[in-house]
Amino acid sequence: MEKRTRVRFAPSPTGPLHMGGVRTALYNYLFARQRGGDFILRIEDTDSHRFVPGAEAYIIEALKWCGITPDEGVDENGKVVETASEKHPHAPYRQSQRKGLYRQYAEQLVANGYAYYAFDTPEELEKARAEAEKDGKTFIYGLPTRMGLRNSLTLSAEETARLIEETTGWTIRFKMPADTVVKMDDMIRGHIEVNTDTLDDKVLWKRSDELPTYHLANIVDDHLMEITEVIRGEEWLPSLPLHYMLYKAFGWEDTMPRFAHLSLLLKPVGNGKLSKRDGDKLGFPVFPLKWTNPEGEVSRGYREDGYFPEAFVNMLAMLGWNPGNDRELFSMDELVEAFSMDKVQKAGAKFNPEKAKWYNREYLRMKDDADLTELFKPVLEAHGISVTGGPQSPLSSDFEKGEFSWSYVKKVVKLVKERATFVQDMWTPAESLFKAPVEYVEKDWAKFWTAENAEMAGKAVDFLLAFNGPFEKEPVETALVGFIKDNEWPMGKVMNCLRLVLTGSASGLGIADILSFIGKDELKKRFASARAKA
RNA sequence: GCUGGGUUCGUAUAACGGUUAGUACUCAAGAUUCUCAAUCUUGCAAUAGGAGUUCGAUUCUCCUACCCAGUACCA
Numbered sequence: 000m001e002k003r004t005r006v007r008f009a010p011s012p013t014g015p016l017h018m019g020g021v022r023t024a025l026y027n028y029l030f031a032r033q034r035g036g037d038f039i040l041r042i043e044d045t046d047s048h049r050f051v052p053g054a055e056a057y058i059i060e061a062l063k064w065c066g067i068t069p070d071e072g073v074d075e076n077g078k079v080v081e082t083a084s085e086k087h088p089h090a091p092y093r094q095s096q097r098k099g100l101y102r103q104y105a106e107q108l109v110a111n112g113y114a115y116y117a118f119d120t121p122e123e124l125e126k127a128r129a130e131a132e133k134d135g136k137t138f139i140y141g142l143p144t145r146m147g148l149r150n151s152l153t154l155s156a157e158e159t160a161r162l163i164e165e166t167t168g169w170t171i172r173f174k175m176p177a178d179t180v181v182k183m184d185d186m187i188r189g190h191i192e193v194n195t196d197t198l199d200d201k202v203l204w205k206r207s208d209e210l211p212t213y214h215l216a217n218i219v220d221d222h223l224m225e226i227t228e229v230i231r232g233e234e235w236l237p238s239l240p241l242h243y244m245l246y247k248a249f250g251w252e253d254t255m256p257r258f259a260h261l262s263l264l265l266k267p268v269g270n271g272k273l274s275k276r277d278g279d280k281l282g283f284p285v286f287p288l289k290w291t292n293p294e295g296e297v298s299r300g301y302r303e304d305g306y307f308p309e310a311f312v313n314m315l316a317m318l319g320w321n322p323g324n325d326r327e328l329f330s331m332d333e334l335v336e337a338f339s340m341d342k343v344q345k346a347g348a349k350f351n352p353e354k355a356k357w358y359n360r361e362y363l364r365m366k367d368d369a370d371l372t373e374l375f376k377p378v379l380e381a382h383g384i385s386v387t388g389g390p391q392s393p394l395s396s397d398f399e400k401g402e403f404s405w406s407y408v409k410k411v412v413k414l415v416k417e418r419a420t421f422v423q424d425m426w427t428p429a430e431s432l433f434k435a436p437v438e439y440v441e442k443d444w445a446k447f448w449t450a451e452n453a454e455m456a457g458k459a460v461d462f463l464l465a466f467n468g469p470f471e472k473e474p475v476e477t478a479l480v481g482f483i484k485d486n487e488w489p490m491g492k493v494m495n496c497l498r499l500v501l502t503g504s505a506s507g508l509g510i511a512d513i514l515s516f517i518g519k520d521e522l523k524k525r526f527a528s529a530r531a532k533a
């Protein structure tokens, strides 16, 4: 029988989750869902020095916002899983809480000759590196150097035992075998071979804080948690040979997961991977959620910028993956169905902020008018407009009080949604449907409020006020256009003069649309204010 | 430097040895409209370079160039 698919996303809580990290989580999630397997969230907090308060909560919230929900892990539907139980045989999911577990594995490796104790101090290693650099070489702790350093390979058994007992600065290092070709397979990149002579003896466990390093913790936990596929960033590809060797040393080769290394997200312009700085410079978020670091520095987030999580996820999914055809719009469920590892791109993908906006625009248009109305409400309220009633409310507007019924707002939303990328930018075109202009765009005023235009517009206003058909877009438009034509007036001048009067600017919504919303009284008032200004 | 990975229009990508190298974003022009936006139409624009294999290479092999990552008691 095929083993149940279990994949994990294992971020380190050293800061906010970067959008590249979200993509890695997403691909893991899609892979798991598609195979009816489990998606596990594990926190790799084995670096006590780089821990950032709030980072873990941020990661959990960001994934939740994206709709990437773990089946298992440190957080399950908002509940923190702290300890192992029948339901959670693999818990806890925070490596700091698994602390006591790793030493025995490291020592097992030593006992079997796959690792050794190293007593060199950071200062000694620093010195060795500096010296090597002076000669234009790179120091590596490994085959060529290990027999000249202070470790259990060079020291006597007694001395080794004494140092282990009496000092706390030592580490356990993997003993990389000589001249062995490691043959690896990557689900995205295919077959890869590396000779162990180019590899060094990585630290697996540190006595100083009694914590494993990534490499050990990763292999041990993936094994214990029965992970079947490891889908992670490309930065891990160089340590894949070590990980293969570790599985072999532990004798876990038969259950070793398959690996997939995802290419990195690159900055929109120039070279290099996407960083926080690029976002600040080019004006787009690199984080899913707003983040304030311990120093009080704020980074913007997709959520706060007004992106829909569906649009953000869709956009991210298409950066480095494609369905094999021209389709670009996918819901999460559709992604789950369409996703396939062999359509994942090998090369890094440059992030395109314009395309991200395009996705949001598409999602905004797909959204139901009623839903958008709810989302638009807070925007209106922020501009001092109150929305009364609910979906059943009759159409009503009170420009004096700034009160408009829910149904009125919905009608506005329907009209202006085509002009917006984000919910909040529906306000600009909609503003004149909620309040009279308080000022006029200077250039437009100079151009369109001429004596001649004002006179024609005044007559058009009188005509409209006397119009006794239904004050709706179609009849008003027909009548007004007919009136202007009958008088043989220049259409553009009259219309733009009216728009100026109605909205304060010469560009925006159609005149008949505006009139159908604001009605005769408001028309009369706005024309009077414009005339008063002149 | 060394090791590994990568390279199709500006960007994301399609074309699993045979196409006028397709699509989307961006940009430009036109149509439409009372303006702007939207919409529609059209256009600009790519196989990094060089060898080889082959009747035929975007696709396979090698070399070069360039880019990325790793080279920590960080993940």
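With numbering that gives the first Met the number 0, letter number 228 in the first sequence gets 227, and the count goes up by one each step, no holes. Think of the CB as a built atom: it goes at the ideal place given N, C-alpha and C, for glycine as much as any other residue.
- From the listed residues PRO52, VAL285 and TRP448, the smallest Cα separation to GLY295 is found for PRO52.
- Distance from the CA atom of ARG530 to the CA atom of VAL437, rounded to whole angstroms, is 13 Å.
- Judged by DSSP secondary structure, GLU228 falls within the beta strand (DSSP E) whose first and last residues are 228-232.
- In this structure, ILE39 lies near ARG7, with their beta-carbon atoms less than 8 Å apart.
- In this structure, VAL312 places its C-beta atom within 8 Å of the C-beta atom of GLY66.
- Of the residues assessed, SER47 falls on the exposed side of the cut-off, its CB having fewer than 16 other CB atoms within 10 angstroms.
- Shown here, ASP200 sits in coil according to DSSP, grouped into three states, outside any helix or strand.
- DSSP places TYR116 in the strand class (E or B) of the three-state scheme.
- A direct Cα-to-Cα measurement between LEU25 and ALA316 gives close to 7 Å.
- Contact check for LYS376 against PHE398 fails: the beta carbons are separated by 8 Å or more.
- Look at THR387 here: in three-state DSSP terms it is strand.
- Contact annotation: ILE42 and ALA105 have beta-carbon atoms that are not nearer than 8 Å.
- Ranking ALA337, GLN33 and PHE249 by CA distance to the CA of GLY112 puts PHE249 first.
- Counting C-beta pairs closer than 8 Å gives fewer than three between the stretch 126-140 and the stretch 92-99, which falls short of the contact rule.
- Annotation for THR372: TRP405, VAL408, LYS409 and VAL412 place their beta carbon closer than 7 Å to its own, counting only its chain and skipping 5 residues before and after.
- Within the DSSP bridge table, the entry for VAL79 names ASP74 as partners.
- Ranked by how close their Cα comes to the Cα of THR13, the residues ASP367, ALA511 and ARG49 have ARG49 in first place.
- Contact annotation: ASP74 and ILE59 have beta-carbon atoms nearer than 8 Å.
- The DSSP-derived three-state label of GLU380 is helix.
- Non-local beta-carbon contacts of GLY389 in its own chain, meaning distances under 8 Å to residues more than five positions away in sequence, involve TRP405 in chain order.
- Closest in C-alpha terms to PRO211, from the list LEU497, LEU162 and TRP169, comes TRP169.
- Beta-bridge analysis with DSSP links PRO211 to TRP204.
- ASP178 and LEU16 have their C-alpha atoms spaced approximately 39 Å apart.
- Assignment of THR291 by DSSP, reduced to helix, strand and coil, places it in the strand class.
- With a cutoff of 8 Å on beta-carbon distance, LYS519 and PHE470 are scored as near each other.
- Sequence-distant Cβ neighbours of TRP64 in its own chain, meaning closer than 8 Å and more than five residues away, are PRO287, LEU288, ARG302 and PRO308.
- With 16 or more other Cβ atoms inside 10 Å of its own Cβ, ARG32 counts as buried.
- Put simply, the backbone Cα of ILE513 is about 35 Å away from that of GLY300.
- Rounded to the nearest whole angstrom, the C-alpha separation of ASP44 and VAL181 is 29 Å.
- Shortest Cα-Cα distance from GLY271 to any of GLU234, SER298, VAL297 and ASP304 involves GLU234.
- Note that the stretch 133-143 does not touch the stretch 184-192; fewer than 3 beta-carbon pairs, one per stretch, sit closer than 8 Å.
- Just measuring C-alpha positions, the residue of LEU508, LEU108, ARG326 and LYS126 sitting nearest TYR246 is LEU108.
- With fewer than 16 neighbouring CB atoms inside 10 Å of its own CB, LYS442 falls in the exposed class.
- Between TYR439 and the set ARG257, LYS532 and ARG206, the nearest pair of CA atoms involves LYS532.
- For THR170, the enclosing beta strand (DSSP E) has its first and last residue at 170-173.
- For ALA259, the enclosing beta strand (DSSP E) begins and ends at 257-261.
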